[in-house]
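J.: Let me give you the structure first, and then I'll get to my questions.
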Amino acid sequence: MENVFDYEDIQLIPAKCVVTSRSECDTSVTLGKHRFKIPVVPANMQTIIDETIATKLAENGYFYIMHRFEPQKRAAFIKTMMDKKFNFVY
4 MENVFDYEDI
14 QLIPAKCVVT
24 SRSECDTSVT
34 LGKHRFKIPV
44 VPANMQTIID
54 ETIATKLAEN
64 GYFYIMHRFE
74 PQKRAAFIKT
84 MMDKKFNFVY
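Note that the working numbering has the sequence shown beginning at 4, numbered continuously upward.
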């Protein structure tokens with residue numbers, strides 16, 4: 004029989020930390036030869052990410068994946084982003 008755990012079975016116990024401030028921590032991630040500020044990617048869903056959000060993310064060094072819907076609009080967006088010369092737009 005397989006063990007099943009729920010929230011009552013598991014506890015997080017506070018421990019000492021080696022940093023004095025969260026600002027000392029580096030949460031950046033390297034993907035290939037590119038470095039991004041945080042290891043989080045917004046869901047590539049039409050209701051979550053659009054051109055405005057994708058542009059803001061790219062301008063500030065964050066990684067995103069654009070959704071696949073409305074391919075006729077995506078082509079213009081890809082050209083615009085490539086013209087801006089972000090070093091990680093493919």
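Built from N, CA and C at the ideal position, the CB exists for glycine as well. Computed from a predicted structure; not experimentally measured.
Report, in whole angstroms, the separation of the C-beta atoms of Y67 and I52, which I expect to be a contact under 8 Å.
T.: As a first step, residue 67 is located in the sequence shown; it is residue number 64 there, counting from the start. As a first step, residue 52 is located in the sequence shown; it is residue number 49 there, counting from the start. Indeed, because the Cβ distance is near 6 Å, the residues count as touching under 8 Å.
J.: Pick out whichever of K40, I56 and F39 has its Cα sitting closest to the Cα of N47.
T.: Taking the first residue of the sequence shown as 1, we reach residue 47 at position 44. It is I56.
J.: From H37 to M85, what distance separates their C-alpha atoms?
T.: Counting from one through the sequence shown, the residue named residue 37 turns up at place 34. Counting from one through the sequence shown, the residue named residue 85 turns up at place 82. Each residue's alpha carbon lies about 16 Å from the other.
J.: Once you ignore the five residues that flank F72 on each side, which residues in its own chain have a CB closer than 6 Å to its CB?
T.: Indexing the sequence shown from 1 puts residue 72 at position 69. Only Q49 meet the Cβ criterion.
J.: Quick check on DSSP: helix, strand or coil for F80?
T.: Within the sequence shown, residue 80 is the residue found at index 77, counting from 1. Helix, per DSSP.
J.: Quick check on F8: buried or exposed, where buried means 16 or more other Cβ atoms within 10 Å of its Cβ?
T.: Walking along the sequence shown from the start, residue 8 turns up at place 5. The residue is exposed, with fewer than 16 neighbouring Cβ atoms inside 10 Å.
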